[in-house]
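Q: The following block contains the structure, expressed as C-alpha cells.
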Amino acid sequence: TQLLEQSPQFLSIQEGENLTVYCNSSSVFSSLQWYRQEPGEGPVLLVTVVTGGEVKKLKRLTFQFGDARKDSSLHITAAQPGDTGLYLCAGASPSNTGKLIFGQGTTLQVKP
Amino acid sequence: DAGITQSPRHKVTETGTPVTLRCHQTENHRYMYWYRQDPGHGLRLIHYSYGVKDTDKGEVSDGYSVSRSKTEDFLLTLESATSSQTSVYFCAISELAGGGELFFGEGSRLTVL
Numbered sequence: 001t002q003l004l005e006q007s008p009q010f011l012s013i014q015e016g017e018n019l020t021v022y023c024n025s026s027s028v029f030s031s032l033q034w035y036r037q038e039p040g041e042g043p044v045l046l047v048t049v050v051t052g053g054e055v056k057k058l059k060r061l062t063f064q065f066g067d068a069r070k071d072s073s074l075h076i077t078a079a080q081p082g083d084t085g086l087y088l089c090a091g092a093s094p095s096n097t098g099k100l101i102f103g104q105g106t107t108l109q110v111k112p
Numbered sequence: 113d114a115g116i117t118q119s120p121r122h123k124v125t126e127t128g129t130p131v132t133l134r135c136h137q138t139e140n141h142r143y144m145y146w147y148r149q150d151p152g153h154g155l156r157l158i159h160y161s162y163g164v165k166d167t168d169k170g171e172v173s174d175g176y177s178v179s180r181s182k183t184e185d186f187l188l189t190l191e192s193a194t195s196s197q198t199s200v201y202f203c204a205i206s207e208l209a210g211g212g213e214l215f216f217g218e219g220s221r222l223t224v225l
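Residue numbers (the numbering used here), protein chains in the order written: chain A, 1 to 112; chain B, 113 to 225.
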C-alpha cells in the first residue's frame with residue numbers, strides 16, 4: 001500500500017513568515033500534485049510535478065519534486081492571510097491505475 | 113469551474129438505513145471517483161470508475177457500493193449506514209488516468225446517528 005506522509009499537520013504563523021510543507025513516501029510516484037482546499041469547498045489543483053528534481057513556482061509558492069520521485073515540498077514565501085487553508089499532496093501510482101493517493105493534509109493558518 | 117454536482121449536500125440519517133449519494137457531471141470526463149474526508153486522514157478513495165459500468169475498489173471500500181450506468185452519473189450507496197461512515201464525501205472527475213487533474217464537487221456531509 002502506498003502512503004504519503006505530510007508534515008506538519010497544523011501550522012499557525014504570522015503574516016510575512018516563510019513556511020515549508022513536506023510530503024514523503026517510501027514509494028515512487030509517476031507524478032505528484034498539490035491541492036488547496038478552503039472550508040466548505042472541494043480541493044483545487046495548484047500544481048503537478050512530474051520529473052524528479054523538478055521545481056515549479058506559482059507566485060509566492062515553490063513546489064519541488066524529489067530526485068527519486070518519492071517526496072515533495074511546498075514552500076510559501078511571505079505568507080498572507082489569503083494563503084490560509086488545507087494543503088493536500090497527492091501521488092499517482094506508476095502503474096497508471098487512475099488512482100491518486102492523498103496525504104493527510106496540512107492545515108495552515110496565517111494570522112494578520 | 114468543472115460542472116460537478118453532488119446531492120444531497122447534507123444528510124442526517126440513522127444507523128442501519130440505506131443512503132445513496134449522487135454525483136452528476138456535465139464535462140463528459142471518463143474517470144469518476146468517490147472520496148471521504150475525515151480529520152487527520154486527508155482524502156481516502158472509496159471507489160472509482162474508469163467508464164460506464166466499469167468500477168473498482170479504493171482503499172476504504174468496505175460498506176460501500178457504486179454504480180455508473182451513464183457517463184454523467186456516479187452513485188455511491190451505503191447499504192446499511194453505520195456511525196463510522198459519518199464523514200464528508202467528495203466526488204471527483206478526471207479526463208486522464210494516473211495523474212490527471214481532479215476536479216472536485218462541493219462535498220456531501222453525511223451524519224449517521
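Note that the Cβ used here is the ideal one computed from N, Cα and C, for glycine as well.
Rounded to the nearest angstrom, what separates B:Arg180 and A:Leu32 at their Cα positions?
A: Rounded to whole angstroms, B:Arg180 to A:Leu32 spans 28 Å at the Cα level.
Q: In whole angstroms, what is the alpha-carbon distance linking A:Ala78 and B:Leu222?
A: Whole-angstrom Cα-Cα distance: 37 Å.
Q: What are the boundary residues of the beta strand (DSSP E) that B:Val277 is part of?
A: This structure gives no information on residue 277 of chain B, because the portion of chain B shown stretches from 113 to 225.
Q: Touching or not, the segment 14-32 of chain A and the segment 92-111 of chain A, by the rule of three or more beta carbon pairs under 8 Å?
A: Yes, the segment 14-32 of chain A touches the segment 92-111 of chain A.
Q: List the residues of chain B whose Cβ lies closer than 7 Å to the Cβ of A:Leu88, in chain order.
A: Gly154, Leu155, listed in chain order.
Q: How about A:Asp71 and A:Asn24: do their beta carbons lie closer than 8 Å?
A: Yes. Within cutoff.
Q: Hey, does A:Leu58 have any beta-carbon neighbour from chain B nearer than 8 Å?
A: Closer than 8 Å: no.
Q: Based on the DSSP output, what are the partners of A:Gly53 in its beta bridges?
A: BP columns for A:Gly53 are empty, so no partner.
Q: Just to check my reading of the structure: A:Thr62 and A:His75 have Cβ atoms closer than 8 Å, yes? What is that Cβ distance to the nearest angstrom?
A: Their Cβ separation, rounded to whole angstroms, is 4 Å, which keeps A:Thr62 and A:His75 in contact under 8 Å.
Q: Give me the chain B residues within the contact set of A:Lys99, using Cβ-Cβ distance strictly less than 9 Å, ordered along the chain.
A: Simply Tyr145, Leu157, Tyr160, Asp168, Gly170, Glu171, Ala209, Gly210.
Q: If you follow the beta strand (DSSP E) that A:Phe29 is part of, which residue opens it and which one closes it?
A: Per DSSP, A:Phe29 belongs to no beta strand (DSSP E) and is neither H nor E.
Q: I need the straight-line Cα distance from A:Gln6 to A:Thr107, nearest angstrom please.
A: For A:Gln6 and A:Thr107, the distance between alpha carbons rounds to 11 Å.
Q: Roughly how many angstroms lie between the CA atoms of B:Leu214 and A:Lys99, to the nearest whole one?
A: About 10 Å.
Q: Report the three-state DSSP secondary structure of B:Gln137 (helix, strand or coil).
A: It is a strand residue.
Q: Roughly how many whole angstroms lie between the Cα atoms of A:Cys89 and A:Lys56?
A: The straight-line gap from Cα to Cα measures roughly 14 Å.
Q: If we ignore side chains and look at the alpha-carbon of each, how far apart do A:Asp67 and B:Ser196 end up?
A: Roughly 39 Å between the two C-alpha positions.
Q: Mind checking the segment 178-197 of chain B against chain A and listing, in chain order, the residues whose C-beta falls within less than 7 Å of any C-beta there?
A: Of all residues in the segment 178-197 of chain B, none has a Cβ within less than 7 Å of some Cβ in chain A.
Q: In three-state DSSP terms, what is A:Gln109?
A: In this structure, A:Gln109 counts as strand in the three-state DSSP scheme.
Q: Have a look at A:Leu3 and B:Gly152 and give me their C-alpha separation to the nearest angstrom.
A: So the alpha carbons of these two residues sit roughly 14 Å apart.
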